[in-house]
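Take any residue in the sequence shown, note its place counting from 1, add 199, and you have its number in my numbering.
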Amino acid sequence: MLTGKNILIGITGAIAAYKTLELIRLFKKNNAKVKIVVTPNALNFVTKTTLESLSQNSVDIEQFNIKEYKPEHIALTDEADIFIIAPISANTISKITHGVCDNLLTSTFCAFKKPILIAPCMNTNMWENPATQENLRILKERKITIVEPEVGFLACNAEGKGRLANINIIFETAKNILLPEQILKGKKIVITAGGTKENIDAVRYIGNYSSGKMGIALADNAHKLGAEVVLISTVEVKKQYKVINIKTAQEMYDAVKDEFQTADSLIMAAAVSDYRVKNKQDHKIKKDGTPLVIELIENPDILQEMSKIKKENQTVIGFCAESQNLLENAKTKIAKKGCDYICANDISQKDIGFSSDNNELYIIDKNLVISKIEKTSKQNAAMKILEKVYG
Ligand SMILES: Cc1cc2nc3c(=O)[nH]c(=O)nc-3n(C[C@H](O)[C@H](O)[C@H](O)COP(=O)(O)O)c2cc1C
């Protein structure tokens, strides 16, 4: 179920640390890769040998154990899809809330930008302490997922709230973060990505600056949501879904036409050349001191053509990259092309658009209702587009 997922589990010096052994086992049973980072105090409760045996991986404790010139806390953040700290002590809750980075676990937390889940465990008085509660409130506000402890009999012989949540609940919460609701299950979605290249001769082409990042992010997220994805891309990528590599607009047109027949939806995120060279040369053109004149002819308009032939139950989404009058041009484009949605982005802003990892978009529907996706990563923007259109 979790094949290909990398789980980073953090353990702190709390009495329920032994229960995390079961959590590790659950992730391993579900084919996830598990890496463990512990605070030095955690080793008073569980041994490194047990953790290494169960995770089948080395356990990291030391901040200054630098491998291949990459500090250990950074290496850990690169690989993991999620960071789960279970159990997390009152002490570590306090540290991570205030940005303290005094051991490998707290430094890793500070550097971690992907989803984080914490499962506290402590004596009831520690749990109820205003400092602990205030820290948890701040962490919740910062979008850290907190799996709250249960009420029950505690190791300190008291009865109250503080017992680590059931391991299955921690596992299921993490699984829901890693595998979001499959809203696109049973749907086939064709997505185009990248900039087409129109050959001039054997070595030259007319191209554009599209990196393909937005289309690939859409394909990745549609796949996560359960869709059967076909990515038609000028950028070569290896994915768990079907990828068709093409170069020119004509090749993209042929592949889209073919795949769209059996699809529920088409998302045209690629930057397709409007023109191609009429007489492209098989050999390299040599300069001879005279101006070179290249005649260009129009390429098929894939978005318009597919919008024309689409059946009632098919959805077509186009993209428009504009450097001025963004919304006006987007509204004109949706009317002209006849598609269901247009996602418009302003490529004149350097920190969003073509090669950037971020984007800010407007989604415009057929009735010209506009919704804005504030600046965020292309991965997040892709998920928001899919949720808006199919959610
Ligand atoms: C036997 C024993 C059990 C403990 N259990 C907990 C616990 O469940 N939760 C907690 O927050 N602290 C607990 N503590 C206190 C922590 O171990 C202590 O605050 C420590 O500094 C935490 O270090 P760390 O957060 O760096 O791992 C316990 C201490 C002892 C000696």
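Think of the CB as a built atom: it goes at the ideal place given N, C-alpha and C, for glycine as much as any other residue.
Bear in mind the structure is a predicted one, so any value in this text is a computation, not a measurement.
Could you check which residue in Lys479, Glu450, Pro348 and Leu207 has the C-alpha nearest to that of Phe226? Checked all of Lys479, Glu450, Pro348 and Leu207; the closest Cα to Phe226 is Leu207.
Going by DSSP in three states, Arg403 sits in which element: helix, strand or coil? Reduced to three states, the DSSP call for Arg403 is coil.
Contact set for Asp463: own chain, Cβ-Cβ below 8 Å, skip 5 residues either direction: Sequence-distant Cβ neighbours of Asp463 in its own chain, meaning closer than 8 Å and more than five residues away, are Lys386, Lys387, Ile388, Asn512, Gln513 and Thr514.
Given 7 Å as the limit, tell me if Met321 has its C-beta closer than that to any heavy atom belonging to ligand 1. Yes.
Beta strand (DSSP E) runs contained entirely in the segment 427 to 474, provided each spans 3 or more residues: Taking only runs of at least 3 residues, the beta strand (DSSP E) segments lying wholly in the segment 427 to 474 are 427 to 432, 441 to 444 and 464 to 467.
If you draw a straight line from the C-alpha of Glu261 to the C-alpha of Glu271, how long is it? Taking C-alpha positions only, Glu261 is separated from Glu271 by approximately 8 Å.
Is Glu458 buried or exposed, if buried means 16 or more other CB atoms sit within 10 Å of its CB? By the neighbour-count definition (other C-beta atoms within 10 Å, threshold 16), Glu458 is a buried residue.
Three or more beta-carbon pairs under 8 Å between the segment 247 to 264 and the segment 397 to 405, yes or no? Verdict: no, contact absent.
Any chance you could list the alpha helix (DSSP H) runs of at least 4 consecutive residues sitting entirely within the segment 506 to 580, in chain order? The segment 506 to 580 contains these whole alpha helix (DSSP H) runs: 525 to 536.
Kindly give me the distance between the Cβ atoms of Val442 and Leu424, rounded to whole angstroms, as I take these residues to be in contact under 8 Å. Beta-carbon to beta-carbon, Val442 and Leu424 are separated by about 18 Å, too far to satisfy the 8 Å threshold.
Classify Leu495 as helix, strand or coil using the three-state DSSP reduction. Three-state DSSP puts Leu495 in a strand.
So what does DSSP say about Val588, is it helix, strand or coil? In the three-state scheme derived from DSSP, where H, G and I count as helix and E and B as strand, Val588 is classed as helix.
Do Lys374 and Thr323 have their C-beta atoms closer together than 8 Å? It is not a contact, given that the beta carbons lie outside the stated cut-off.
So, is Asn558 buried or exposed, given that buried needs 16 or more other C-beta atoms within 10 angstroms? So Asn558 counts as buried.
Quick check on DSSP: helix, strand or coil for Ile343? The three-state reading of DSSP puts Ile343 in coil, since its state is none of H, G, I, E or B.
Distance check for His422 and Ile292, CA to CA, integer angstroms please. Take the alpha-carbon of Ile292 and the one of His422: they are about 35 Å apart.
Got a sec? Which residues, its chain only, sit under 7 Å from Val236 by beta carbon, not counting five neighbours each side? Taken in chain order, the residues that qualify are Leu207, Gly209, Asp259, Leu275, Leu303, Leu304 and Thr307.
With Thr372 as the anchor, note down where its alpha helix (DSSP H) starts and where it stops. Looking at the DSSP string, the run of the alpha helix (DSSP H) that includes Thr372 is Ile366 to Leu377.
What's the call for Phe518, buried or exposed, on a 16-neighbour Cβ count within 10 Å? The residue in question, Phe518, is buried, as its Cβ has 16 or more Cβ neighbours within 10 Å.
So, are the CB atoms of Met413 and Lys577 less than 8 Å apart? Yes, the Cβ-Cβ distance between Met413 and Lys577 is below 8 Å.
Ile283 by DSSP, collapsed to three states: which one? Here Ile283 sits in strand by DSSP.
Could you tell me the alpha carbon to alpha carbon distance between Ala454 and Asn229, rounded to whole angstroms? A direct Cα-Cα distance of roughly 36 Å separates Ala454 from Asn229.
Looking at Lys313: is its Cβ nearer than 8 Å to the Cβ of Ile281? The beta carbons of Lys313 and Ile281 sit closer together than 8 Å.
Taking buried to mean at least 16 other C-beta atoms within 10 Å of its own C-beta, is Ile508 buried or exposed? Per the 10 Å Cβ criterion, exposed.
Could you have a look at Phe308 and say whether DSSP puts it in helix, strand or coil? The answer is helix: DSSP assigns Phe308 an H, G or I state.
Hey, could you find the ends of the beta strand (DSSP E) Ala392 is sitting in? Per DSSP, Ala392 belongs to the beta strand (DSSP E) from Lys387 to Ala392.
Can you tell me whether Lys294 is buried or exposed, with buried defined as 16 or more other CB within 10 angstroms of its CB? Within 10 angstroms of the beta-carbon of Lys294 lie 16 or more other beta-carbons, which makes it buried.
Between the segment 477 to 491 and the segment 554 to 568, do three or more beta carbon pairs fall short of 8 Å? Flag = no, the segment 477 to 491 and the segment 554 to 568 do not touch.
First and last residue of the alpha helix (DSSP H) that includes Lys227? Counting along the chain, the unbroken alpha helix (DSSP H) around Lys227 starts and ends at Thr219 to Lys228.
At least one CB of chain B closer than 8 Å to the CB of Gly359: is that the case? The question asks about chain B, but that chain is absent: this structure has only one protein chain.
Looking at Met413 and ligand 1, is the gap between the Cβ and the nearest heavy atom below 7 Å? Relative to the non-hydrogen atoms of ligand 1, the Cβ of Met413 never comes closer than 7 Å to any of them.
Do Asn498 and Ser472 have their C-beta atoms closer together than 8 Å? The Cβ atoms of Asn498 and Ser472 sit closer than 8 Å to each other.
Does ligand 1 have even one heavy atom less than 7 Å from the beta-carbon of Met325? Correct: Met325 has its Cβ closer than 7 Å to ligand 1.
Straight-line gap, His297 to Met321 (C-alpha atoms, nearest Å): Spanning the two alpha carbons is a distance of roughly 19 Å.
Cβ of Glu340 within 8 Å of Cβ of Ala364? Ala364 sits away from Glu340, with the two beta carbons spaced by 8 Å or more.
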